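Structure, as structure tokens:
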Amino acid sequence: MRVAMLLRLILGVLACLSVSLVNAEDPYKYYTWTVTYGTIAPLGVPQQAILINGQFPGPILDVVTNDNIILNLINKLDQPFLLTWNGIKQRKNSWQDGVLGTNCPIPPNSNYTYKFQAKDQIGTYTYFPSTQLHKAAGGYGGLNVYERPQIPIPFPNPAGDFTLLVGDWYKTNHKTLQHYLDLGRPLPFPDGLLINGQAHASFSGDQGKTYMFRISNMGLSTSINFRIQGHTIMLVEVEGSHTIQNIYDSLDVHVGQSVAVLVTLNQAPKDYYIVASTRFTRTVLTATAVLHYTNSQTPVSGPVPPGPTYQIHWSMQQARTFRWNLTASAARPNPQGSYHYGKITTSRTIFLANSAPLVNGKQRYAINRVSYINSDTPLKLADYFNIPGVFSLNSIQTAPGGGPAYLATAVMPAFLHEFIEVVFQNNENTIQSWHLDGYDFWVVGYGRGQWTPASRKHYNLVDALTRHTAQVYPYSWTTILISLDNQGMWNLRSAIWARQYLGQEFYLRVWSPDKTPANEYDIPPNALLCGRARGLHA
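Heads up, my numbering is the position in the sequence shown plus 1, with the first residue counted as 1.
Structure (structure tokens):
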């Protein structure tokens, strides 16, 4: 009798433990951020900037895989404002994407609480303002997603972890720059480069130890090359993908992209230059920081180590050496190469050609002849509430055609679980940079000239990286493969912000007839409603 009672008690305890384990939620992290204007002078001229909690750059978000992020954003600017989470996939949750096609902007003296999860991700990401030309005033920061303790990483834990936000910068107020674009004028060449919002930053480490440097290009328009005087750098991660650990003297990082490298302080104890300089520009802008050995008594000296300038072939060849580490675990304990993307038959090919037309006598930028204009109502809300007249699913074609460019609120339809090939064709003499929200994708090929079906013979179908932003070199093409496994309304845009502002973007509507939370979460109860959705009930 006692044995039976004891057995029932043990089974009851185990049942309770089982239920608690099944129902256990991932950790929550809470933040309150206040967005204000402030005065800074990184290039020696006092200017207005966008600060978050009084900081420029904003606070670094350090989270762990699968953390739930609850972030209350208070807008104290004189304009509506949004942040977008660059590279965070927002699984089934484009409601939190933070772009004008999915969210109403946060009005001045108001707030909105973002609720999203860094689901099954690990790596180096960023956030920045998606509204107007606010990115030119700051408001950006780093977002680092670390592995869970039980998930091994393919290198020893570094002795320290540094986030470097590098980007071109203007002394001119962001409203003035926006006015240039509104008049149909291109932006002038930037005035300088910044590293973490400064012209002269410093990072310290102990001789003999190895440190991680997370480098993100936060600029508006220019690619950069990164290097450290007297040191080699080992590439270990690109936007969530652990890489084959190649050694480089320097690395190109294009607009919107992020990489993580390991640097061993194995030189004589002194200070060394950390250098970023622009690529593919006639005038080369350079920013330096200092790598300080803690036992150094010698300040930095000597010439700043030069980097490449306009060598397109050099950069393309380097990009081809970025390979996936197929033996490493990712955010979950399974090999990254277990998904054999190269053996999947694509459902269709989409060709996207960028251009820089004049529309109504003003400079615009376009994709497949369509220059995007924002609607008064976010496309996501129009889709949810079946509001007519906001967008059309035939407003952009899947291949470039002849004829003049035109303005439209462009949306391209797609089906959930499609596997597609996207070819970016760049027939201009400037480098392009493309980003897709809500996804990462395999970058399988780069080439000069015009893409043809024969170009597929040169694809990497074994260990290409997955990432969220891909560069396309001048008069060249880049091909990506995408598994459309994330339902929603997703922004595909130029990461070069003047081009995005003047129309080089559209939305990919990944749709399924099955309206279920297994495919996509319902509209959040705190969703802001604006435009033609104002006054409707979620």
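Even glycine gets a Cβ: it sits at the ideal position worked out from N, Cα and C.
Given the structure is predicted, the values throughout are model-derived calculations rather than measurements.
- Spanning the alpha carbons of Pro153 and Ser330 requires a straight line of approximately 7 Å.
- In this chain, the beta strand (DSSP E) harbouring Ser477 covers 477-484.
- The three-state secondary structure of Gly489, taken from DSSP, is strand.
- Within the model, the alpha-carbon separation for Val391 versus Thr103 is close to 13 Å.
- Restricted to the segment 151-193, the alpha helix (DSSP H) segments that are unbroken, complete and at least 4 residues in length are 175-183, listed in chain order.
- When rounded, the separation of the alpha-carbon atoms in Met490 and Gly185 is 29 Å.
- Here Pro475 is not near Glu506, since their CB atoms are 8 Å or more apart.
- Less than 8 Å divides the Cβ of Gly140 from the Cβ of Pro130.
- In the three-state reduction of the DSSP assignment, Phe386 falls in the helix class.
- For the segment 281-336, the continuous beta strand (DSSP E) assignments of 3+ residues that do not extend past its boundaries occur at 287-294, in sequence order.
- Nearest to Thr350 by alpha-carbon distance, out of Gly308, Val424, Thr295, is Val424.
- From the listed residues Gly343, Trp325, Gly257, the smallest Cα separation to Thr467 is found for Trp325.
- At a Cβ-Cβ threshold of 8 Å, Leu353 and Asn369 count as neighbours.
- Beta-bridge pairing by DSSP links Met413 to Leu509.
- Nearest to Trp86 by alpha-carbon distance, out of Trp512, Gln80, Leu78, Val100, is Val100.
- When C-alpha distances from Asp68 are compared across Ile75, Phe82, Gln91, the shortest belongs to Gln91.
- Burial state of Arg365 is buried, judged by a 10 Å Cβ sphere holding 16 or more other Cβ atoms.
- If you compare the alpha carbons of Val301, Gln268, Thr223, Ile245 with that of Thr328, the shortest gap goes to Ile245.
- Under the three-state reduction of DSSP output, Gly343 falls in the helix class.
- Taking the C-beta atoms as reference points, Ser224 is found nearer than 8 Å to His255.
- For Cys105, same chain residues with a beta-carbon under 7 Å away, outside a window of 5 residues either side, are Pro379, Leu529, Leu530, Cys531 in chain order.
- For the options Pro187, Thr517, Gln133, the alpha carbon positioned closest to that of Asp79 is the one of Gln133.
- Between Lys116 and Asn110, the alpha-carbon positions lie close to 20 Å from each other.
- Ranked by Cα distance from Ala288, the options Ile275, Thr295, Phe281, Lys363 are led by Ile275.
- Looking at the backbone, the Cα of Arg494 and that of Pro405 are separated by about 21 Å.
- Secondary structure at Gln472: strand, using DSSP grouped into helix, strand and coil.
- Beta bridge pairing from DSSP links Asn69 with Tyr29, Gln118.
- The C-beta distance from Tyr440 to Asn487 rounds to 6 Å, short enough to fall under 8 Å.
- Within 10 angstroms of the beta-carbon of Asn427 lie 16 or more other beta-carbons, which makes it buried.
- Distance from Thr127 to Ser259 at the Cβ level is roughly 6 Å; contact confirmed, criterion being Cβ atoms closer than 8 Å.
- If you compare the alpha carbons of Val237, Phe386, Asn76, Ala50 with that of Pro155, the shortest gap goes to Val237.
- Contact between the segment 58-66 and the segment 448-457 is absent, with fewer than three C-beta pairs closer than 8 Å.
- The Cβ atoms of Ile216 and Phe227 sit closer than 8 Å to each other.
- Its chain contains Pro309 as the residues whose beta carbon lies nearer than 6 Å to that of Trp315, once the 5 sequence neighbours on both sides are disregarded; these appear in chain order.
- For a cut-off of 8 Å, the C-beta gap from Trp435 to Ala496 is around 7 Å, short enough to register as a contact.
- Note that the C-beta distance between Ile70 and Gln118 is below 8 Å.
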